[in-house]
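Numbering (the working numbering), first residue to last: 48 to 251. All C-beta atoms in this analysis are idealised placements derived from N, C-alpha and C, irrespective of residue type, glycine included. These numbers were taken from a predicted model, which means no experiment stands behind them.
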Amino acid sequence: MHWINAVAIFIMIGSGWKIYNDDVIFGFLHFPDAVVIGKWAQYGLQWHFFGMWIFVLNGLVYLGYGIATGRFRQKLLPISARDVLVTVGAALRFRLRHDDLTVYNAVQKVLYLGVMLVGVVIATTGLCLWKPVQFSEVADLFGSFQTIRLVHFLCMAAIVAFILVHVTLALLVPQSLVAMLTGGPLLDPGKSAAAAAVEPEATP
Ligand code: HEM
Numbered sequence: 048m049h050w051i052n053a054v055a056i057f058i059m060i061g062s063g064w065k066i067y068n069d070d071v072i073f074g075f076l077h078f079p080d081a082v083v084i085g086k087w088a089q090y091g092l093q094w095h096f097f098g099m100w101i102f103v104l105n106g107l108v109y110l111g112y113g114i115a116t117g118r119f120r121q122k123l124l125p126i127s128a129r130d131v132l133v134t135v136g137a138a139l140r141f142r143l144r145h146d147d148l149t150v151y152n153a154v155q156k157v158l159y160l161g162v163m164l165v166g167v168v169i170a171t172t173g174l175c176l177w178k179p180v181q182f183s184e185v186a187d188l189f190g191s192f193q194t195i196r197l198v199h200f201l202c203m204a205a206i207v208a209f210i211l212v213h214v215t216l217a218l219l220v221p222q223s224l225v226a227m228l229t230g231g232p233l234l235d236p237g238k239s240a241a242a243a244a245v246e247p248e249a250t251p
């Protein structure tokens, strides 16, 4: 589901940038032809709607599976502010552990939950842009069509920022890429995220 999503997101970003170029929101920002998908804006839209089915169906299966099996609860909860601070401190001192990839640290938990939320908002705003009449109850919450466009665009920017950090960190810890391709090691339900994520202080 991760790699299906990667393909869908690639299509959605490239085609979204083509649509954007046709009627820009920020006068200073145009995406070069080399990085967009679709020769004309209407082709961009068709790619966008093609990718939409993959993104939404795959996303629904992923969210349904994560909730129904308790995987999200086990891997992403609970998150405490203290754990986030401890993990940020450890990262700044290059003391984060990567030997157990089955346990997410607190910053990973925040980012993964955050990007899922952004995924839900971008799909919701996308549906409002596509079918503003049918989804008028939701669309009205945003005030205007231009505001929905802006929120949709900002969600795309958040996803691009997430991908840049996500890919950089995955390349820095190559065993995580291997685990993503092979399915990874089995989960150990009894582990605390904070304890597993932070290197113990060196004793004198
Ligand atoms: C359910 C999923 C989605 C639907 C139904 C959808 C639908 C749409 C529609 C109809 C437009 C044209 C808006 C206009 O007329 O100006 C649009 C624009 C756009 N979409 Fe999506 N979208 C979805 C998901 C995504 C995702 C996942 C991304 C990127 C990660 C994305 C990125 C963009 C961008 C960058 C634009 C151009 C913004 C603008 O100028 O209005 N969309 N989308």
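Counting only residues of its own chain and dropping the five nearest sequence neighbours on each side, V82 has no CB closer than 6 Å to any other CB.
Apart from sequence neighbours up to five positions away, the residues of its chain that approach I195 with a beta-carbon distance below 7 Å are T172, C175, L176, A186 and F189, ordered along the chain.
Of all alpha-carbon atoms in M227, L160, W87 and V212, the one lying nearest the alpha-carbon of K122 is that of L160.
Between G231 and L148, the beta carbon gap of about 6 Å places them in contact (Cβ cut-off 8 Å). The DSSP-derived three-state label of L158 is helix.
Segment contact: the stretch 110-117 against the stretch 78-98, fewer than three CB-CB distances shorter than 8 Å; contact not assigned. Proximity of the beta carbon of H95 to ligand 1 is indicated: a heavy atom of the ligand is located closer than 7 Å. For L110, the secondary structure class from DSSP, reduced to helix, strand or coil, is helix. In the structure shown, the three-state DSSP call for L143 is strand. Bounds of the alpha helix (DSSP H) holding F57 are H49 to D69.
For A81, no alpha helix (DSSP H) segment is defined, and its DSSP state is neither H nor E.
Secondary structure of S191 (DSSP, three-state): coil. Distances from the alpha-carbon of N105 to those of I56, A208 and V133 put I56 closest. For H145, same chain residues with a beta-carbon under 6 Å away, outside a window of 5 residues either side, are V220 in chain order.
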